[in-house]
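Reviewing the structure listed below.
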DNA sequence: GCCAACGTTGGC
DNA sequence: GCCAACGTTGGC
């Protein structure tokens, strides 16, 4: 099991919108960055991740789960781009802001801090656990296994 | 709204 | 294959 972070501007696609899709989930489409695509290719069904609101909010707002591994992006005509499907699992009772992440020494290596432009990122298990705790969740409840 | 950081494109 | 120009992202 690996852990990830999905970044979206809430104007375009918010965690609320994600939740409306229910357990069927939704394509994480529109990614046109090779690094991000390659990370999605590494994802497995059941992997967990954070949903992060960029620009507006700048905070981790919820937990998501990968429900379909990488497949061609239906919004792409070139055949170059792929995406996974994800579903919303849980809200963070207390969103964890970028400021909080930056203020926590144990999170200083998070990609979110060091490569802020990357829209799909890997998250270390220890980082995942810690952000869950900061957000008011018991990691055991969301780490699936 | 600005701009730094980064990725991509295209001329050579 | 280098690199300047350009576009985009996202924090501030």
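In full-length UniProt numbering, the protein residues as written are 1 to 145.
Glycine is no exception: its CB is placed at the ideal position from the N, C-alpha and C atoms.
All values derive from a computational prediction rather than experimental measurement.
Any idea what DSSP makes of residue 92, helix, strand or coil? strand
Kindly provide the ranges of any beta strand (DSSP E) runs that are 3 or more residues long and lie completely inside the UniProt domain "EVE" (2-134), ordered along the chain. Runs of the beta strand (DSSP E) lying entirely within the UniProt domain "EVE" (2-134), each at least 3 residues long, are 3-8, 48-53, 59-72, 82-97 and 120-123 in chain order.
What number of angstroms, rounded off, separates the C-alpha of residue 49 from the C-alpha of residue 3? 5 Å
Among the residues of its own chain, which have a CB less than 8 Å from the CB of residue 47, if the five just before and after it don't count? So the qualifying residues of the chain are 1, 2, 3, 4, 65 and 66.
What do you get for residue 113, buried or exposed, if any count of 16 or more other CB atoms within 10 angstroms of its CB means buried? exposed
Could you give the distance in angstroms between the alpha-carbon of residue 104 and the alpha-carbon of residue 120? Rounded to whole angstroms, residue 104 to residue 120 spans 21 Å at the Cα level.
Residue from 55, 143 and 122 whose Cα sits closest to the Cα of residue 13: 55
Taking 8 Å as the limit between beta carbons, can you name the residues of its chain near residue 89, skipping five residues before and five after? 48, 62, 63, 64, 65 and 142
Can you give me the Cβ contacts of residue 35 inside the same chain, cut-off strictly under 7 Å, excluding the 5 residues immediately before and after it? 118
Between residue 131 and residue 116, what straight-line distance do the alpha-carbon atoms span, to the nearest angstrom? 17 Å
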